[in-house]
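Q:
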Amino acid sequence: MEDAARDPRPFASEDRMVHIFAMYLLAQFRETRAYPLLVKIFSAPAESIHDLAGDVVTEGLGSILASVSGGDIGGMTALAENAKADEYVRAAALDGLLTLVACGLRNREEVMAYFDRLFDVFEPEPPMIWNGLASACADLRPEEVMDKIRRAYEEGYIEPGYIGWDDIQDALARGKEASLRFLKDRYRMISDVEAAMSWWACFDKTEPAPRKKLQSAPAAPAGVILQAVAAAQAGRNDPCPCGSGKKFKKCCGG
């Protein structure tokens with residue numbers, strides 16, 4: 464990890480996975496010395512992060528950060544407020560804070576007070592950090608920040624296709640005990656590397672389906688063809704070309 468923190472460029476390749484395995488292993492072992500290294504690595508400019516870490520940013524980074532933090536929120540708050548960092552990294556840092564609450568290392572009121580402050584700190588762009596903030600507040604039960612969330616929707620900062628106002632109201636309607644159970648079910652530290660990385664193709668033990676003989680089919684309408692081309696060109700973390708407002712990986716690319 465020290466090598467990756469000094470110079471991440473040699474690791475920004477599909478053939479270099481050792482740093483990814485190291486992140487998960489260090490998280491499982493609760494190695495707090497990895498915390499500042501990970502914060503430094505993921506503070507890199509947005510254009511380089513996804514080559515370096517890929518879907519780890521959206522699938523595991525929050526849990527990894529929480530697991531090596533020792534309960535210290537400083538690194539995660541620094542990432543969340545770093546306007547030069549990737550927007551998905553910043554949102555993952557918020558997930559890390561939720562993980563600390565779920566695991567009992569930080570209390571809900573402290574983290575919600577921090578989220579409340581972020582509504583006055585974040586710039587209007589990019590949208591994903593606002594989506595992440597709204598989602599994090601919803602998962603923590605957003606009673607203290609409802610007015611600020613409403614204003615953020617009115618200003619167009621939050622994308623309704625990512626999380627709608629109805630979702631916020633549903634979260635508010637959950638009781639405190641139900642909200643805590645939801646939080647504990649959804650946000651966990653890394654305790655089993657193989658289980659945590661089971662979404663990777665190399666850990667997928669499902670046998671591929673046998674290929675079927677191709678048959679001719681009627682030509683697809685031009686609009687469908689154009690959407691398919693757009694989908695083929697979309698990155699996993701890009702907006703879905705179908706227009707839903709969700710990430711491609713969470714919509715048609717899921």
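Under our numbering, read the sequence shown as residues 464 to 717, first letter to last.
By construction, the Cβ of each residue, glycine as well, lies at the ideal position given by its N, Cα and C atoms.
What are the boundary residues of the alpha helix (DSSP H) that includes R493?
A: Premise fails: R493 is in no alpha helix (DSSP H) and is neither H nor E.
Q: From E465 to K503, what distance separates their C-alpha atoms?
A: Using only the alpha carbons, I get a separation of about 10 Å.
Q: Taking Cβ to Cβ, would you say Y498 is nearer than 9 Å to S532?
A: The answer is yes: Cβ separation under 9 Å.
Q: I need the straight-line Cα distance from V692 to E572, nearest angstrom please.
A: Annotation note: pLDDT 41 at V692 (below 50); position unreliable, coordinate value reported separately. Each residue's alpha carbon lies about 46 Å from the other.
Q: CA-CA distance, S530 and D579?
A: If I take the Cα positions, the gap works out to 24 Å.
Q: Can you tell me whether DSSP reads A475 as helix, strand or coil?
A: Three-state DSSP puts A475 in coil, outside helix and strand.
Q: Assuming P587 is part of the alpha helix (DSSP H), what are its boundary residues?
A: P587 -> no alpha helix (DSSP H), and no H or E assigned at all.
Q: Can you look up A507 in the DSSP assignment and give me helix, strand or coil?
A: Coil.
Q: Would you report the Cα separation of E607 and M575, rounded to the nearest angstrom?
A: Rounded to whole angstroms, E607 to M575 spans 8 Å at the Cα level.
Q: What separation, rounded to the nearest whole angstrom, lies between the Cα atoms of R493 and E622?
A: Spanning the two alpha carbons is a distance of roughly 35 Å.
Q: Measure the Cβ-Cβ separation of I626 and S661 and say whether it is below 9 Å.
A: The answer is no: Cβ separation not under 9 Å.
Q: Over what stretch of residues does the alpha helix (DSSP H) that includes V520 continue unbroken?
A: Taken as a continuous stretch (DSSP letters only), the alpha helix (DSSP H) holding V520 covers V519 to E522.
Q: I'd like to know whether the C-beta atoms of M591 and E550 end up nearer to each other than 9 Å.
A: Contact flag set, yes.
Q: In chain order, what residues of the same chain have a beta carbon less than 7 Å from the beta carbon of S506, not counting five sequence neighbours either side?
A: Within the same chain, S506 has close Cβ partners L542, N545 and A548.
Q: Among H513, L561 and D518, which one has its Cα closest to the Cα of I536?
A: The candidate whose alpha carbon is nearest that of I536 is L561.
Q: Is it buried or exposed for A636, if we count other Cβ within 10 angstroms and need 16 for buried?
A: A636 comes out exposed.
Q: Return the CA-CA distance between I688 and D518, expressed in angstroms with no decimal places.
A: Here the model assigns I688 a pLDDT of 37, short of 50, so the residue's position is not dependable and the matter cannot be decided.
Q: Provide the residue span of the alpha helix (DSSP H) that contains V552, from first to last.
A: Segment E550 to A565, the alpha helix (DSSP H) holding V552.
Q: Buried or exposed: where does W593 fall if 16 or more other Cβ atoms within 10 Å of its Cβ makes it buried?
A: That one is buried.
Q: Rank K647, G619 and P605 by C-alpha distance to the C-alpha of Q587 and give the top, closest one.
A: Note on residue identity: the sequence assigns Pro, not Gln, to residue 587. Answer by Cα proximity: G619.
Q: So which of M609, L596, M652 and G567 has the shortest CA-CA distance to R553?
A: Answer by Cα proximity: L596.
Q: DSSP three-state label for A636, please.
A: Note: A636 maps to helix in three-state DSSP.
Q: Buried or exposed: where does P473 fall if 16 or more other Cβ atoms within 10 Å of its Cβ makes it buried?
A: It is exposed - the Cβ of P473 has fewer than 16 other Cβ atoms within 10 Å.
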